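If you count the sequence shown from 1, you need to add 296 to reach the working numbering.
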Amino acid sequence: MTPDRPIAALFAGNRPLRSLEFFPPKDDAGVEALRHAASVLKRIAPDFVSVTYGAGGSTRERTGQVSALLKNELGFTVMPHLTCVGHSRAELTTLADRIHAEGFRNIMALRGDPPRGSTTFSPTADGLNFANELVGLLKNRHPDFCLGVGGYPEKHPEAQSHDSDLDALQRKVDAGASFITTQLFFDNDVYFSFVERCRRRGISVPILPGIMPVLSLKQIQRFTAMCGASMPTRLLRRLQATDDNPEVVEMIGLDWALDQIRDLVAQGAPGYHLYIMNRARGALALAAGLAA
Ligand SMILES: Cc1cc2nc3c(=O)[nH]c(=O)nc-3n(C[C@H](O)[C@H](O)[C@H](O)COP(=O)(O)OP(=O)(O)OC[C@H]3O[C@@H](n4cnc5c(N)ncnc54)[C@H](O)[C@@H]3O)c2cc1C
């Protein structure tokens with residue numbers, strides 16, 4: 297088994313990267329649908345794909361199952377996500393060893409969200425408090441891991457201020473993170489001003505912008521409320537004007553995302569990360585639009 301290339305080396309190639317994010321399905325039928333979507337997406341040759349880590353229960357096992365499928369069966373460079381939620385240090389160390397033994401060399405290291413119904417995160421016994429501690433644990437255990445971390449252009453909802461949030465981001469990079477993937481945003485100015493603030497602080501690692509093409513007004517309003525991302529009035533008005541007709545909403549969402557990505561890349565972003573919700577269509581349409 298050949299270990300994956302570190303994603304940091306891909307950034308060093310100095311061309312815009314394309315990455316796609318999958319989530320672990322709840323059941324076998326969902327895994328089949330994902331396998332189909334991912335094999336269709338081979339056509340657009342993403343530089344890497346990532347697989348999210350659930351808040352608990354069986355979907356966590358499926359992160360491993362889906363990551364292995366994407367790596368071993370379909371040949372993608374895969375970055376499984378890992379969070380601190382519900383894990384002791386010893387469990388995280390075991391998971392790190394397992395991920396490493398399976399040939400993965402890239403992990404998205406996160407704290408994770410507080411459990412549903414709770415607004416504060418509390419670590420488990422002998423667990424970790426913040427993502428920078430997870431970065432440290434993983435790097436100590438396997439120095440050849442290449443770690444991504446989350447960044448929040450509009451501030452993480454729990455952070456006291458933009459400054460304290462940047463302090464937290466700096467700690468993750470100081471602990472060994474090689475790149476940052478951002479939370480979704482719809483206004484590129486938000487991204488560029490975040491990058492500028494990071495650079496002024498001396499955070500110099502690549503900052504990959506996270507883009508989510510809108511698929512439904514209700515769904516996106518739920519996501520943005522949860523993660524604190526703002527929705528430009530121009531986009532909101534367009535979506536409201538469609539009366540939530542799914543096909544029209546998808547067209548508007550793709551049109552917006554395409555404009556965003558074109559401008560990001562033109563202005564020097566190191567690529568883009570697509571939150572694709574396990575669907576191939578949007579990513580294919582965007583890749584076609586960008587090829588023009
Ligand atoms: C690209 C991306 C992928 C994601 N994937 C997943 C996933 O797969 N599974 C999942 O459950 N969630 C995922 N999330 C969501 C993420 O888990 C949540 O946003 C979570 O609330 C914060 O995680 P973090 O790693 O950014 O935490 P941290 O960097 O630890 O920050 C959490 C909060 O604590 C603050 N903070 C950090 N350090 C300190 C300190 N020392 N003292 C005081 N305050 C501090 C920060 O400012 C922030 O407000 C993802 C987010 C992003 C951006």
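Backbone N, C-alpha and C fix where the C-beta goes; we use that ideal spot for every residue, glycine too.
Note that the structure is a prediction, hence the values are computed from the model and not measured.
Alpha-carbon spacing of Val544 relative to Thr538, whole angstroms: 7 Å
Alpha-carbon spacing of Leu465 relative to Gly447, whole angstroms: 7 Å
Inter-residue Cα distance where the pair is Thr348 and Met527: 24 Å
Residue range of the alpha helix (DSSP H) that includes Arg314: Arg314 -> not in any alpha helix (DSSP H); beta strand (DSSP E) instead, spanning 313–318.
Run of the beta strand (DSSP E) containing Ser346, from where it starts to where it stops: 344–347
Tyr349: CB within 7 Å of a non-hydrogen atom of ligand 1: yes
Segment contact flag, the stretch 315–335 with the stretch 425–432, C-beta cutoff 8 Å, min 3 pairs: no
At least 3 beta-carbon pairs within less than 8 Å: the stretch 310–320 vs the stretch 352–365: yes
Distance cut-off 7 Å: Glu328 Cβ against heavy atoms of ligand 1: no
Beta-carbon proximity of Pro449 to Val486, cut-off 8 Å: yes
Neighbour-count burial assignment, Arg401, 16 or more Cβ in a 10 Å radius: buried
Beta-carbon proximity of Pro566 to Cys442, cut-off 8 Å: no
Limits of the beta strand (DSSP E) - the one that Thr445 falls within: As written in the sequence, residue 445 is Val, which differs from the Thr given in the question. Note, Val445: beta strand (DSSP E), 442–447.
Coarse secondary structure for Met527, derived from DSSP in three states: coil
CB contact flag (Ile548, Arg534, <8 Å): yes
Under the three-state DSSP convention, the category Ser384 falls into: strand
Backbone secondary structure at Ala308 - three-state DSSP: coil
Neighbour-count burial assignment, Gln556, 16 or more Cβ in a 10 Å radius: buried
Simplified DSSP assignment, three categories, for Asn402: strand
Same chain, Cβ closer than 8 Å to Asp470, neighbours up to 5 away in sequence not counted: Asn428
Residue range of the beta strand (DSSP E) that includes Phe490: Run containing Phe490: none in the beta strand (DSSP E); it sits in the alpha helix (DSSP H), 484–497.
Coarse secondary structure for Gly423, derived from DSSP in three states: strand
N- and C-terminal bounds of the alpha helix (DSSP H) containing Thr379: That residue, Thr379, is in no alpha helix (DSSP H); its beta strand (DSSP E) goes 374–379.
Residue range of the unbroken beta strand (DSSP E) whose run includes Gly506: 503–507
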